[in-house]
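Chemist: Below you will find the structure I want to go over with you.
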Amino acid sequence: MDPWCAMESPKVAPANKGPAATTLAPRVRRTLPLLGSVACFRTLPQLAVYTEKHQALAFLDTCLRGVGQCNFQNSPLSGLLFLVALGLSTQGLRMVAFALLGVVSATAFSCLMGLDRSLRAAGLHGYNATLVGCAVHTFFTGDAYGVASLVIVLLSILSVLLATATASALPPGLPTLTFPFQVSIWIYALSTQLYPSLQTMAFPAPRLVLNSTLSTASYDSAAIAQAVFSGIAETFLVGDWFPGSLRSSRQRP
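Okay, here's the thing in structure tokens:
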């Protein structure tokens, strides 16, 4: 007989969990339900079920979720807080009105066209239009606000069409992100060259920097924090740090 066949398999001793592992397990069991309840409060699924019976509330819930989706937040509370942050910025309530006009136009067009209801309910047909409204408010410098409103409505509808067409061309599960918004704003920027009524802010001429000097300026922690929050607020084309801090407070995994 082969001597290797006569050998028995070694016995593996059970792992010693120790006192730390035994005390950690109850904490995990208590934490997981708490995280689940917090997640439900953030997305408010009960509110979505309730608003299905009331068309006006469902439309409002969808629009607010569309604003929240600008930061990947499927929550009407996040969308409402983002609008408050825009209203408190230096851009004022006019940017809030332009953003609302964009998301309302896109959501209404999605309803009329009978597009995917689950995507619309999650706000995925409205966030590009929200950014369109903010961008038009930022770049538009004329006094013809009626023309600007018409431009926002048309570009918001275009963003929905571009999002639907892009999603059909991409592999399943791959998001379109802000590609429809970027294409819509590029069309708006190019059209201003043909139509003088669509006045935009003057951009400096491009120039080549040949010589540059290095500075040894010091940056304190307050300036760094302000720059970080200002960068977050620039997602809505707002340069203030305070709206960025409000927006970051609603970002949760």
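Our numbering puts the first residue of the sequence shown at 65, with every later residue one more than the last.
Glycine residues also receive a C-beta, built at the ideal position from the N, C-alpha and C atoms.
#1: Please report how far the alpha carbon of Gly-156 lies from the alpha carbon of Met-177, in whole angstroms.
#2: Have a look at the DSSP bridge pairing and note the partners of Phe-146.
#3: Under the three-state reduction of DSSP, which class applies to Phe-136: helix, strand or coil?
#4: Can you give the Cα-Cα distance for Asn-192 and Cys-134, rounded to whole angstroms?
#5: Judging by CA-CA distance, which residue of Ala-227, Tyr-259, Pro-260 and Asn-138 is the nearest neighbour of Ser-248?
#6: Could you check which residue in Arg-158, Ser-182, Gly-187 and Glu-116 has the C-alpha nearest to that of Ser-142?
#7: Less than 7 Å between the C-beta atoms of Val-200 and Ala-212, yes or no?
#8: Between Thr-62 and Gly-130, which are expected to be in contact by the criterion C-beta below 8 Å, what is the C-beta distance as a whole number of angstroms?
#9: Count the CB pairs spanning the segment 212-222 and the segment 156-168 that are closer than 8 Å, and state whether there are at least three.
#10: So, using beta-carbon positions, are Thr-115 and Asn-138 closer together than 7 Å?
#11: For Phe-136, does the count of other Cβ atoms within 10 angstroms reach 16, so buried, or fall short, so exposed?
#12: Hey, could you find the ends of the alpha helix (DSSP H) Phe-243 is sitting in?
#13: Please identify the residue among Ala-287, Val-224 and Pro-236 whose C-alpha is closest to the C-alpha of Pro-244.
#14: Taking 7 Å as the threshold (C-beta atoms), are Asp-304 and Ser-174 in contact?
Modeler: Checking against the coordinates, here is how it stands:
#1: So the two alpha carbons sit approximately 33 Å from each other.
#2: Note: Phe-146 sits in no beta bridge, so no partner.
#3: Three-state DSSP puts Phe-136 in coil, outside helix and strand.
#4: When rounded, the separation of the alpha-carbon atoms in Asn-192 and Cys-134 is 8 Å.
#5: Comparing Cα-Cα distances from Ser-248 to each of Ala-227, Tyr-259, Pro-260 and Asn-138, the minimum goes to Ala-227.
#6: Relative to Ser-142, the option among Arg-158, Ser-182, Gly-187 and Glu-116 whose CA is nearest is Gly-187.
#7: Contact check for Val-200 against Ala-212 passes: the beta carbons are separated by less than 7 Å.
#8: The requested residue 62 is not part of the displayed model; the chain covers only 65 to 317.
#9: Contact holds: three or more Cβ-Cβ distances are below 8 Å.
#10: Not in contact: Thr-115 and Asn-138 (Cβ atoms no closer than 7 Å).
#11: That one is exposed.
#12: 243-255 is the extent of the alpha helix (DSSP H) around Phe-243.
#13: The candidate whose alpha carbon is nearest that of Pro-244 is Val-224.
#14: Taking 7 Å as the Cβ cut-off, Ser-174 and Asp-304 do not qualify as a contacting pair.
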